[in-house]
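K.L.:
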Amino acid sequence: MLPPPIPDTNNHRKRLLIGLSGVFLLLGMVYLFYWLLLGRYEETTDDAYVGGNSVQVMSHIPGRVTQISAEETDLVKKGEIVVQLDKADAEIALKLAQAQLGLIVRQVSRYYDEVNQLKANVQAQQDNFERATEDYKRRQGLVVNKSISEEDLRHAKIALDSARDAVTVAKQQLAGAVTLVGNTDLYHHPQVEQAIVNVRNAYLQWRRTTVYAPVTGYVAKRPVQVGQQINTNTILMVIVPLEQVWVDANFKESQLKNIRIGQSAEAISDAYGSGVKYKGTVIGLNPGTGSAFDLLPPQNATGNWIKIVQRLPVRIGLDKEQLKKYPLRKGLSMTVTVNTRNRKGEVLEQDSSTKVIYESADDSADLQEADKIIDNILNENAKNTSPITP
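Counting in my numbering, the sequence shown runs without a single skipped number right up to 372 at its last residue.
(1) By Cβ distance below 6 angstroms, which residues in the same chain neighbour Pro309 in space, the five residues on each side in sequence not counted?
(2) Would His170 and Val163 qualify as a contact pair, given that the criterion is a beta-carbon distance under 8 angstroms?
(3) Secondary structure at Ala75, three-state DSSP: helix, strand or coil?
(4) Could you give the C-beta distance for Val208 and Ile241, rounded to a whole number, given that I count them as a contact under 8 angstroms?
(5) At what residues does the alpha helix (DSSP H) containing Lys234 begin and finish?
(6) Quick check on this structure: which residue in Thr115, Leu186, Val258, Gly1 has the alpha carbon closest to the alpha carbon of Asp71?
(7) With H, G and I counted as helix, E and B as strand and the rest as coil, what does DSSP make of Asp353?
(8) Exposed or buried, which one is Trp188 when buried takes at least 16 other CB atoms within 10 Å?
(9) Check for me: the alpha helix (DSSP H) holding Tyr185 runs from which residue to which?
(10) Please classify Val338: does DSSP put it in a helix, a strand, or coil?
(11) Sort Leu67, Ile290, Lys59, Gln38 by Cα distance to Thr48 and report the nearest one.
(12) Check for me: the alpha helix (DSSP H) holding Gln304 runs from which residue to which?
(13) When the Cα of Ile43 is compared with those of Gln211, Asn180, Gly84, Glu362, which residue comes out closest?
(14) So, for Pro295: in the same chain, excluding its five sequence neighbours on each side, which residues have a beta-carbon less than 6 angstroms away from its beta-carbon?
(15) Starting from the C-beta of Thr322, find all residues in its chain whose C-beta is less than 8 angstroms away, skip the five residues before and the five after it, and write them out in chain order.
(16) Would Thr317 pass as a contact of Gln292 if the rule is Cβ separation under 8 angstroms?
(17) Just to check my reading of the structure: Ala184 and Ala79 have Cβ atoms closer than 8 angstroms, yes? What is that Cβ distance to the nearest angstrom?
(18) Report all residues from its chain with a CB closer than 7 angstroms to the CB of Val32; omit the five preceding and five following residues, and keep chain order.
(19) Provide the residue(s) that pair with Tyr387 in DSSP beta bridges, ordered along the chain.
(20) Using 10 angstroms around the beta-carbon of Val197, count the other beta-carbons present and answer buried if the total reaches 16, otherwise exposed.
(21) Beta-carbon within less than 7 angstroms of Lys153's beta-carbon, same chain only, minus the 5 sequence neighbours each way: which residues are those?
(22) What does Ile130 pair with, by DSSP beta-bridge criteria?
(23) What residue range does the beta strand (DSSP E) around Thr27 cover?
(24) If you reduce the DSSP assignment to three classes, tell me which class Arg242 lands in.
(25) For the candidate residues Ile298, Lys203, Ala247, Ala249, whose alpha-carbon lies nearest to that of Glu53?
(26) Take Lys388 as the anchor and find which of Gln350, Thr192, Leu300 has the nearest alpha-carbon.
(27) Return the residue from the list Asn98, Ile50, Asn35 that minimises the CA-CA distance to Ala157.
(28) What are the partner residues of Glu248, as DSSP defines its beta bridges?
(29) Quick one, are the C-beta atoms of Ala138 and Asn110 less than 8 angstroms apart?
(30) Report yes if the C-beta distance between Gln82 and Val220 is below 8 angstroms; otherwise report no.
(31) Could you give the DSSP three-state label for Val149: helix, strand or coil?
(32) To the nearest angstrom, report how far apart Gly257 and Ile250 are at their CA atoms.
(33) Can you name the residues that DSSP bridges to Val104?
(34) I need the DSSP call for Tyr194, collapsed to helix, strand or coil.
(35) Measure the beta-carbon distance from Ile86 to Ala148 and round it to whole angstroms, keeping in mind my assumption that it falls under 8 angstroms.
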């Protein structure tokens, strides 16, 4: 019986080493091919977080909270009522301002009536003066003919002087009245305009007892409580519009050489995993590192200085449709990869033109409603609206 053959372990080991070397060589070639084709044009960081706007809903007036219509995590739509303040004081102030406007309109209307009366008085005194002048001249001729006495002429002269003085007094009274209403009509009289401003302000204060959501979003914080007495500019709640989010990717300074505005990017959220890849675009590069804007910036002019690699925030805008399907929350961690192949863009934004990015409703509509109330008050109380000139 023959002994079993001795296995050729050396050949087996050689074949194994050759195979492994081939595999490593193939992997190296694949990696080299990937790096030449894509890898050298990519910059990646996992130091990235979701950013967004936090809209603070504040009260424009002091007051007592009577109603809260939104809780934390609730979705609120732009223009919906979120907080209601007690209206009683504002309603009283508005009614008082309306009453004062009506009273002032009637008072100023009397100014115009007085001017018209004084104008008529001036005309009457002027007519008396002209008659006295004619009478005096006629009596001067009669004195020459001895038809009347010198005493009658003196009486006519006294009457003439009295009529002249009456004209002067009437004109002075008219001038004094005209100074109260001169060169303006009732609607533009200073006292009326001041009262109109008071009504508009009171109406705004009354409207501001109802607080509306300035944007559509989710309530993140709601510190206000029912029954709480709040002051002006008290934060009632914070609303986060999740369609207005972006990613702040913090790249090392050694990675910034080829990053340009407008380059495409890809972002992966830890919340959804690698199965969801957000398409993005480089919006801009921050003008300074995070530490540069600290309350106490670092002091590097020391003898024991140690160099620390700095990171610069790069803002990445995300696809709106993807955000609707896979919404992101502020502060979530992200991994961002920027494709730097296209390097024709700018490092910093060169267009200084401003444009409206976000906006909310103003008080113009409320002022229009206030003006309707004011017009009704003016029409009900005004008599004379014609401008008076000296």
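C-beta: ideal position from N, C-alpha, C; glycine also.
Computed from a prediction, not measured in an experiment: that's the story for all the values here.
P.N.:
This is what the structure holds:
(1) Reading the sequence shown from its first residue, position 327 is the one you call residue 309. If we look at Pro309 and ignore the five residues flanking it on each side, its Cβ neighbours are Leu224.
(2) Counting from 1 along the sequence shown, the entry for residue 170 is found at position 188. Counting from 1 along the sequence shown, the entry for residue 163 is found at position 181. Not a contact, by the Cβ cut-off of 8 angstroms.
(3) The residue given as residue 75 occupies position 93 in the sequence shown. Ala75 falls in the helix class under three-state DSSP.
(4) As a first step, residue 208 must be located in the sequence shown, where it is residue number 226. As a first step, residue 241 must be located in the sequence shown, where it is residue number 259. Contact doesn't hold; Cβ gap of about 50 angstroms is too wide.
(5) Position 252 of the sequence shown, counted from the start, is the residue given in the question as residue 234. Element bounds for Lys234: not the alpha helix (DSSP H) but the beta strand (DSSP E), 227 to 234.
(6) Numbered from 1 along the sequence shown, position 89 holds the residue referred to as residue 71. Out of Thr115, Leu186, Val258, Gly1, Leu186 has the C-alpha closest to the C-alpha of Asp71.
(7) Stepping through the sequence shown from its first residue, residue 353 is reached at position 371. Reduced to three states, the DSSP call for Asp353 is helix.
(8) In the sequence shown, counting from the first residue as 1, residue 188 sits at position 206. The residue is buried, with at least 16 neighbouring Cβ atoms inside 10 Å.
(9) Indexing the sequence shown from 1 puts residue 185 at position 203. Unbroken alpha helix (DSSP H) run through Tyr185: 172 to 189.
(10) The residue labelled residue 338 in the question sits at position 356 within the sequence shown. Looking at Val338 - three-state DSSP - the assignment turns out to be coil, as it is neither helix nor strand.
(11) Here the question's residue 48 lines up with position 66 in the sequence shown. Comparing Cα-Cα distances from Thr48 to each of Leu67, Ile290, Lys59, Gln38, the minimum goes to Leu67.
(12) The residue given as residue 304 occupies position 322 in the sequence shown. Per DSSP, Gln304 belongs to the alpha helix (DSSP H) from 302 to 307.
(13) Residue numbering aside, residue 43 sits at position 61 when the sequence shown is read from its first letter. Ranking Gln211, Asn180, Gly84, Glu362 by Cα distance to Ile43 puts Gln211 first.
(14) The count along the sequence shown starts at 1 and reaches residue 295 at position 313. Around Pro295: Asp230, Asn232, Asn268.
(15) In the sequence shown, the residue the question calls residue 322 occupies position 340. So the qualifying residues of the chain are Tyr23, Glu24, Glu25, Asn240, Ile241, Arg242, Gln245.
(16) Indexing the sequence shown from 1 puts residue 317 at position 335. Indexing the sequence shown from 1 puts residue 292 at position 310. Going by C-beta atoms, Thr317 is not nearer than 8 angstroms to Gln292.
(17) As a working note, residue 184 is residue 202 in the sequence shown. As a working note, residue 79 is residue 97 in the sequence shown. Going by Cβ atoms, the distance from Ala184 to Ala79 rounds to 4 angstroms, so yes, they are a contact pair.
(18) Taking the sequence shown and counting its residues from 1, one reaches residue 32 at position 50. These residues qualify, in order along the chain: Val227, Val229, Leu310, Arg311, Lys312, Gly313, Leu314, Met316.
(19) Only positions -17 to 372 of the chain appear in the structure, and residue 387 is not among them; the question remains open.
(20) On the sequence shown, residue 197 is found 215 positions in, with the first residue counted as 1. The residue in question, Val197, is buried, as its Cβ has 16 or more Cβ neighbours within 10 Å.
(21) Residue 153 sits at position 171 when you count from the first residue of the sequence shown. Same-chain partners within the cutoff: Val104.
(22) In the sequence shown, the residue the question calls residue 130 occupies position 148. Partner(s): none; Ile130 has no beta bridge.
(23) Against the sequence shown, residue 27 aligns to sequence position 45. Taken as a continuous stretch (DSSP letters only), the beta strand (DSSP E) holding Thr27 covers 24 to 34.
(24) Stepping through the sequence shown from its first residue, residue 242 is reached at position 260. In the structure shown, Arg242 sits in coil (DSSP, three-state: anything other than H, G, I, E or B).
(25) In the sequence shown, residue 53 corresponds to position 71, counting from 1. Residue Lys203 is the option with its Cα nearest to Glu53.
(26) The shown model of the chain, from -17 to 372, leaves out residue 388, and the question about it has no answer.
(27) Against the sequence shown, residue 157 aligns to sequence position 175. Comparing Cα-Cα distances from Ala157 to each of Asn98, Ile50, Asn35, the minimum goes to Asn98.
(28) Taking the first residue of the sequence shown as position 1, residue 248 is located at position 266. Answer is Lys261, Thr319, bridged to Glu248.
(29) Here residue 138 corresponds to residue number 156 of the sequence shown, with the count starting at 1. Here residue 110 corresponds to residue number 128 of the sequence shown, with the count starting at 1. Their beta carbons are not under 8 angstroms apart, which means Ala138 does not touch Asn110 by this criterion.
(30) Stepping through the sequence shown from its first residue, residue 82 is reached at position 100. Stepping through the sequence shown from its first residue, residue 220 is reached at position 238. No; because the gap between Cβ atoms is not below 8 angstroms, this pair is not in contact.
(31) In the sequence shown, counting from the first residue as 1, residue 149 sits at position 167. Here Val149 sits in helix by DSSP.
(32) Taking the sequence shown and counting its residues from 1, the one referred to as residue 257 is at position 275. Taking the sequence shown and counting its residues from 1, the one referred to as residue 250 is at position 268. Gly257 and Ile250: Cα-Cα distance of roughly 8 angstroms.
(33) Numbered from its first residue, the sequence shown carries residue 104 at position 122. Its beta-bridge partners do not exist; DSSP assigns none.
(34) Within the sequence shown, numbered from 1, the residue matching residue 194 stands at position 212. Three-state DSSP puts Tyr194 in a strand.
(35) Position 104 of the sequence shown, counting from 1, holds the residue named residue 86. Position 166 of the sequence shown, counting from 1, holds the residue named residue 148. 33 angstroms between Cβ atoms; not a contact.
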